[in-house]
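Take any residue in the sequence shown, count from 1 to its spot, add 349: that is its number in our numbering.
Glycine included, every Cβ here is placed at the ideal spot set by N, Cα and C.
Bear in mind that the values here come from a model prediction, so they are computed numbers and not experimental data.
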Amino acid sequence: MRKWLFGRYLLVSILITLTGSRANALPGQRTERVAAWIEGHPTLRPGLGAGLIVKKIDTPARRFTFEAREIPPGRIGFNANPGIIRSESISFYDAVSGVSFTRLAEALRTIYGLDIYQDFDRATVIYTYPTRETTELARRQNRPLLAAQKGELRLGSRYAYWVEIAETETGIAYNGEITVFLKEDLNKIETELRAR
Numbered sequence: 350m351r352k353w354l355f356g357r358y359l360l361v362s363i364l365i366t367l368t369g370s371r372a373n374a375l376p377g378q379r380t381e382r383v384a385a386w387i388e389g390h391p392t393l394r395p396g397l398g399a400g401l402i403v404k405k406i407d408t409p410a411r412r413f414t415f416e417a418r419e420i421p422p423g424r425i426g427f428n429a430n431p432g433i434i435r436s437e438s439i440s441f442y443d444a445v446s447g448v449s450f451t452r453l454a455e456a457l458r459t460i461y462g463l464d465i466y467q468d469f470d471r472a473t474v475i476y477t478y479p480t481r482e483t484t485e486l487a488r489r490q491n492r493p494l495l496a497a498q499k500g501e502l503r504l505g506s507r508y509a510y511w512v513e514i515a516e517t518e519t520g521i522a523y524n525g526e527i528t529v530f531l532k533e534d535l536n537k538i539e540t541e542l543r544a545r
């Protein structure tokens with residue numbers, strides 16, 4: 350019996366490795382399916398009753414959060430389609446090693462697999478911030494946080510992506526987040542970011 354279970358586990362592991370595709374619950378799918386995917390995901394490994402949010406704390410200086418939401422990113426508005434996941438976010442706080450765009454992209458690859466990572470990597474950059482005008486405004490108004498937030502919106506063939514880090518005065522980012530969301534929500538978040 351044990352040999353059979355081990356053989357079955359080995360076969361499933363090999364199939365996952367060969368296909369390289371872990372992403373079978375993404376924005377646009379039913380909440381129940383995404384919750385089941387989170388529950389069974391080997392990297393996320395949520396605690397009992399975690400639902401759509403997974404929080405991991407290595408030490409107080411290192412935290413990881415994965416969250417699936419029924420609302421688009423940005424300001425909260427009316428949800429015309431309850432029961433459907435519209436966005437999923439991966440966020441890090443790391444006061445030891447820092448957070449970078451590259452590290453966030455690698456987290457995307459680890460959780461979703463090669464297909465989604467390639468969609469992100471090949472995606473067109475739609476908007477990058479802060480703009481030169483924003484940086485100048487932040488300097489004039491003594492609002493360093495405004496210039497510290499660095500990010501970009503990307504439009505891939507399958508999804509839209511929002512990546513953001515917050516740098517300190519020394520240029521090191523300890524916080525960062527990457528969000529995968531439905532392409533139809535891109536205009537909303539772009540408008541909100543441009544109006545900051």
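- Membership of glycine 500 in the beta strand (DSSP E) is indicated by the continuous run 498-504.
- Residue burial annotation: serine 446 is exposed, with fewer than 16 other C-beta atoms found within 10 angstroms of its C-beta.
- By the C-beta criterion, the stretch 403-420 is judged not to be in contact with the stretch 501-509, since fewer than 3 inter-stretch pairs fall below 8 angstroms.
- In this structure, the alpha-carbon of leucine 457 lies about 8 angstroms from that of isoleucine 527.
- Counting the other CB atoms within 10 Å of its CB gives serine 506 a total below 16, which places it among the exposed residues.
- Setting aside the 5 residues that flank it on each side, isoleucine 402 is surrounded in the same chain by Glu416, each with a C-beta closer than 6 angstroms to its C-beta; the list follows chain order.
- Per the Cβ contact rule, the stretch 435-450 is in contact with the stretch 516-527 (3 or more Cβ pairs under 8 angstroms).
- The DSSP-derived three-state label of threonine 380 is helix.
- Within 10 angstroms of the beta-carbon of isoleucine 425 lie fewer than 16 other beta-carbons, which makes it exposed.
- Listed as beta-bridge partners of alanine 454 by DSSP are no residues whatsoever.
- The beta carbon of arginine 452 is closer than 6 angstroms to none in its chain, skipping five residues each way along the sequence.
- By the neighbour-count criterion, in which a residue is buried when 16 or more other Cβ atoms sit within 10 angstroms of its Cβ, valine 474 is exposed.
- When only Cα atoms are considered, aspartate 464 and glycine 423 end up about 25 angstroms apart.
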